[in-house]
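Going by the UniProt record's numbering, the first residue of the sequence shown is number 1, and it counts up by one from there.
Don't be surprised by glycine CBs; every beta carbon is placed ideally from N, CA and C.
Please read the structure below before turning to the comments.
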Amino acid sequence: MPSVQQPERSQTPEKSPRLPSPKRVNIRATNSASSIAHYVGPCLNMQKRAILRALQSLPDTRADEGDEDEEQPRNGIVMQQLDDLLKATVTRGEGNSCLLLGPRGSGKSRIVERCLANVPQKPIIIRLSGWTECNDRLAMREIAHQLFQQTGTAYSIDENDDTDAAGEDNPFLDTIETEQNQLLLPPPSHLPALISTLPTLSRPTIVIIDSFDLFALHPRQALLYCLLDTVQSCRAGSGRSALAVVGITSRLDTTNLLEKRVKSRFSGRTLRTAHPRVLNAWTGLVQEVLSTPLPGNEDNEEHVETWQSSWKTNIDAFISDDAVETLLREVFAVSKDIRLLRNLLMGLVLQLTEDSPYPSASHLSAVISAQRLRLQHGELHALPYPSLCLLIACMHSRTAGHDTFTFEMLHGRFTRQVRTSTAAPVQVNGGSVGMVRCPRPVMMGAFEEFIASRIFVCVMPATAIVSKEFIKYRCTVEFDDLRKAVARTGHAHLKRWMNKPQ
Ligand SMILES: Nc1ncnc2c1ncn2[C@@H]1O[C@H](COP(=O)(O)OP(=O)(O)OP(=O)(O)O)[C@@H](O)[C@H]1O
Ligand SMILES: [Mg+2]
1 MPSVQQPERS QTPEKSPRLP SPKRVNIRAT NSASSIAHYV GPCLNMQKRA
51 ILRALQSLPD TRADEGDEDE EQPRNGIVMQ QLDDLLKATV TRGEGNSCLL
101 LGPRGSGKSR IVERCLANVP QKPIIIRLSG WTECNDRLAM REIAHQLFQQ
151 TGTAYSIDEN DDTDAAGEDN PFLDTIETEQ NQLLLPPPSH LPALISTLPT
201 LSRPTIVIID SFDLFALHPR QALLYCLLDT VQSCRAGSGR SALAVVGITS
251 RLDTTNLLEK RVKSRFSGRT LRTAHPRVLN AWTGLVQEVL STPLPGNEDN
301 EEHVETWQSS WKTNIDAFIS DDAVETLLRE VFAVSKDIRL LRNLLMGLVL
351 QLTEDSPYPS ASHLSAVISA QRLRLQHGEL HALPYPSLCL LIACMHSRTA
401 GHDTFTFEML HGRFTRQVRT STAAPVQVNG GSVGMVRCPR PVMMGAFEEF
451 IASRIFVCVM PATAIVSKEF IKYRCTVEFD DLRKAVARTG HAHLKRWMNK
501 PQ
């Protein structure tokens with residue numbers, strides 16, 4: 001076979017190396033199966049690329065078929081409501097506030113981005129996040145910075161007005177660090193002045209606050225108060241620009257976190273997003289993504305057509321496979337986050353090779369098991385005797401109420417146990433049948449290995465005053481895991497010590 005292909009490639013150096021021109025290789029002349037085999041590699045790569053691209057911007061999940069309660073998916077309704085609200089702000093000058101609430105990965109950010117893309121006139125959009133703007137002063141800086149980027153006018157401190165302002169530097173925009181290596185931040189007293197500039201701008205403003213609940217934890221909720229107060233004072237037809245505040249959160253009790261004066265200014269409008277409720281939404285998405293068509297071009301049109309028809313047949317078979325449905329149902333029962341499905345599909349596509357170019361239930365099963373959390377300490381049974389002794393001593397120390405321990409404590413427990421087990425006057429061939437003794441340095445070596453592998457975690461700062469035998473540690477292994485591991489070793493003395501009541 002290679003000897004046949006070689007001359008063809010050398011005859012057409014100007015053509016794409018992946019797909020030789022159909023003029024030179026007559027696909028119809030050979031039988032269909034062998035021609036597909038010939039182009040399967042390049043076509044598969046193109047198909048993989050197309051699917052991975054489609055995974056970056058997933059299509060919408062369809063209306064939940066089989067879910068009689070809902071004619072339209074919940075997120076579709078939320079998108080419509082948010083769209084209306086933002087349009088009302090931009091076109092009619094209404095001040096609006098709302099909270100987008102839903103579990104993680106339920107499409108909150110996606111809905112907001114889509115609605116922002118639909119807003120007719122180009123409003124000023126300010127994006128804040130509770131994770132990055134962890135106090136109001138950082139948020140003020142960010143607001144001023146984004147305003148500057150979108151309007152071209154820098155908000156600056158009137159030096160005569162405020163003595164807190166630091167000289168010539170504008171703390172709203174500069175990244176100058178003070179002598180204490182701290183970022184120069186605007187004084188909090190400027191917050192009302194900064195927020196009150198928003199309605200004076202030439203265009204309406206939309207403020208998106210991600211992780212809204214974290215802003216409610218800022219002292220006095222000053223930023224939320226100022227923003228929502230300004231929203232409330234927006235009057236349509238007053239000649240001032242409107243302001244909309246959209247909070248995004250996954251925390252259910254967010255409105256309860258708001259202080260009374262802030263809550264009274266918030267509209268209370270909560271839009272709830274949700275994950276798809278039935279498996280059909282997932283299978284529909286899987287089918288749509290996997291059936292992504294290939295971009296055809298003149299050179300390879302014929303081969304792509306052949307490939308696509310066989311790909312389609314195989315995808316249909318994959319989707320209707322009962323084993324695939326069971327696997328998807330199991331995952332869906334654990335998590336309905338579409339990001340998980342996307343990871344699975346990505347893994348599934350990357351697994352395909354020329355030898356097995358079509359997805360199957362076994363591919364899917366392999367990807368799902370790769371996504372599962374591995375046992376934290378799966379190989380405990382393979383540990384050497386001194387290490388297992390230390391862990392058992394550790395468990396007994398925990399049962400006795402000492403969650404933290406030192407090497408001396410564990411070593412003491414071990415030597416006591418060895419003494420007890422060898423105390424019985426039973427000997428075989430002149431040797432004791434009790435537990436084997438281990439020299440102290442060996443035990444210390446095992447202890448240090450546990451520290452290095454983070455199975456023992458230090459709970460106090462390392463200090464030169466305390467010698468290493470007396471530094472306190474905590475064990476990350478669970479009792480049950482160790483019990484199973486000891487049972488698996490088949491070591492009778494260790495089993496007996498493990499199950500010994502303290
Ligand atoms: N209904 C849907 N149809 C298709 N894809 C969706 C849908 N909902 C969410 N996604 C996808 O799931 C991913 C997560 O969505 P998004 O970031 O909007 O969730 P989120 O609710 O903002 O999550 P978080 O709370 O973690 O910020 C995105 O890639 C998005 O495209
Ligand atoms: Mg989000």
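Does DSSP classify residue i as helix, strand or coil?
i: Pro501; result: coil
i: residue 509; result: Lying outside 1 to 502, the shown extent of the chain, residue 509 is not represented and no answer is given.
i: Arg483; result: helix
i: Tyr358; result: coil
i: Ile471; result: coil
i: Asp403; result: coil
i: Arg265; result: coil
i: Arg110; result: helix
i: Val477; result: coil
i: Arg24; result: Low per-residue confidence applies at Arg24: pLDDT is 34, beneath 50, and the placement is therefore not dependable enough to give any value.
i: Gly41; result: helix
i: Asp164; result: Unreliable placement is indicated for Asp164, whose pLDDT of 44 sits below 50; no coordinate value is reported for it.
i: Val418; result: helix
i: Gly445; result: helix
i: Arg496; result: helix
i: Val466; result: coil
i: residue 539; result: Past the edges of the chain, shown from 1 to 502, lies residue 539, and the structure says nothing about it.
i: Gln371; result: helix
i: Val119; result: coil
i: Pro188; result: helix
i: Glu159; result: Model confidence at Glu159 stands at a pLDDT of 48, short of 50, so the residue's coordinates are unreliable and nothing is read from them.
i: Glu330; result: helix
i: Ala423; result: helix
i: Pro363; result: Sequence inspection shows His at residue 363; the Pro mentioned does not correspond to that position. The answer is helix: DSSP assigns His363 an H, G or I state.
Ligand 2 heavy atoms versus the CB of residue i: any closer than 6 Å?
i: Lys108; result: yes
What residue range does the alpha helix (DSSP H) around residue i cover?
i: Leu224; result: Ala222 to Gln232
i: Thr283; result: Leu279 to Leu290
i: Ser129; result: Premise fails: Ser129 lies in the beta strand (DSSP E), Ile124 to Ser129, not in any alpha helix (DSSP H).
i: residue 516; result: This structure does not reach residue 516, given that the chain is present from 1 up to 502, and the question cannot be answered.
i: Ser309; result: Glu301 to Ser320
i: Cys438; result: No alpha helix (DSSP H) holds Cys438; DSSP gives it neither H nor E.
i: residue 548; result: Coverage of the chain is limited to positions 1 through 502, which leaves residue 548 absent and any answer about it impossible.
i: Thr255; result: Thr254 to Leu257
i: Leu217; result: Premise fails: Leu217 is in no alpha helix (DSSP H) and is neither H nor E.
i: Leu191; result: Leu191 to Ser196
Go to residue i, then tell me how far its beta strand (DSSP E) extends in each direction, as first and last residue.
i: Gly247; result: Leu243 to Thr249
i: Tyr345; result: Per the sequence shown, the amino acid found at residue 345 is Leu instead of Tyr. That residue, Leu345, is in no beta strand (DSSP E); its alpha helix (DSSP H) goes Ile338 to Gln351.
i: Leu101; result: Asn96 to Leu101
i: Val207; result: Thr205 to Asp210
i: Leu271; result: Thr270 to Arg272
i: Val459; result: Premise fails: Val459 is in no beta strand (DSSP E) and is neither H nor E.
Does the beta carbon of residue i fall short of 6 Å from some heavy atom of ligand 1?
i: Arg329; result: no
i: Gly105; result: yes
i: Leu128; result: no
i: Thr61; result: yes
i: Arg53; result: no
i: Arg74; result: no
i: Arg114; result: no
i: Ser250; result: yes
i: Arg483; result: no
i: Ile338; result: yes
i: Leu58; result: yes
Query raised in the report: Can at least three beta-carbon pairs, one atom from the region 372 to 386 and one from the region 317 to 329, be found at a separation below 8 Å?
Result: no
Report task. May I ask you to verify whether the region 239 to 246 touches the region 272 to 286, counting CB pairs closer than 8 Å and requiring at least 3? Result -> no
Query raised in the report: So, do the region 480 to 487 and the region 450 to 462 have three or more beta carbon pairs nearer to each other than 8 Å?
Result: no
Requested in this report: Please determine if the region 326 to 340 and the region 348 to 355 are in contact, where contact requires at least 3 C-beta pairs separated by less than 8 Å.
Outcome: no
**Report entry** Contact between the region 214 to 231 and the region 250 to 270 (3+ Cβ pairs under 8 Å)
**Finding:** yes
Query - Three CB pairs or more closer than 8 Å across the region 71 to 87 and the region 97 to 116 - result: yes
Requested in this report: Say whether the region 188 to 198 touches the region 102 to 116, bearing in mind that this needs 3 or more beta-carbon pairs closer than 8 Å, one atom from each stretch.
Outcome: no
Requested in this report: Say whether the region 74 to 81 touches the region 385 to 393, bearing in mind that this needs 3 or more beta-carbon pairs closer than 8 Å, one atom from each stretch.
Outcome: no
Query raised in the report: If we count Cβ pairs, one from each stretch, closer than 8 Å, do we get three or more for the region 203 to 221 versus the region 124 to 142?
Result: yes
Query raised in the report: Per the contact definition of three or more C-beta pairs closer than 8 Å, is the region 281 to 294 in contact with the region 117 to 126?
Result: no
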